[in-house]
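In our numbering, the protein residues as written are 116 to 191. Written below as structure tokens is the structure these notes are about.
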Amino acid sequence: MSPVPNGVPASTLDTQWIKSRHSNAEGNCVEVAPLADGAVALRNSRDPDGPALVYTAAEVAAFLAGAKDGEFDHLV
Numbered sequence: 116m117s118p119v120p121n122g123v124p125a126s127t128l129d130t131q132w133i134k135s136r137h138s139n140a141e142g143n144c145v146e147v148a149p150l151a152d153g154a155v156a157l158r159n160s161r162d163p164d165g166p167a168l169v170y171t172a173a174e175v176a177a178f179l180a181g182a183k184d185g186e187f188d189h190l191v
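Here's what the structure looks like:
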């Protein structure tokens, strides 16, 4: 478990945020950032000072594997 709690203001994290090249001009995107302990933070690009969700590397890997396998295609 990361020492960074879920809901921490994203702007307080000392990290480099990454936005997908598939993001659109309306700002409908999520940004991700690696944390020093190996966890991954996510934030809403339209609210960079808002809360960050923090996941372990294993949780992110499981989600990405499911996305690559099409498990979430029915959501969009």
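Just so you know, even glycine gets a beta-carbon here, dropped at the ideal spot from N, CA and C.
CB of residue 132 within 7 Å of CB of residue 146, strictly: yes
For residue 138, which residues from the same chain have a beta carbon less than 8 Å from its beta carbon, with the 5 sequence-adjacent residues on both sides left out? 144, 160
Buried or exposed for residue 191, please, with buried defined as at least 16 other CB atoms from any protein chain shown within 10 angstroms of its CB. exposed
Straight-line Cα distance separating residue 184 from residue 153: When rounded, the distance between both Cα atoms is 24 Å.
Going straight from the alpha carbon of residue 116 to that of residue 173, what length do you get? 11 Å
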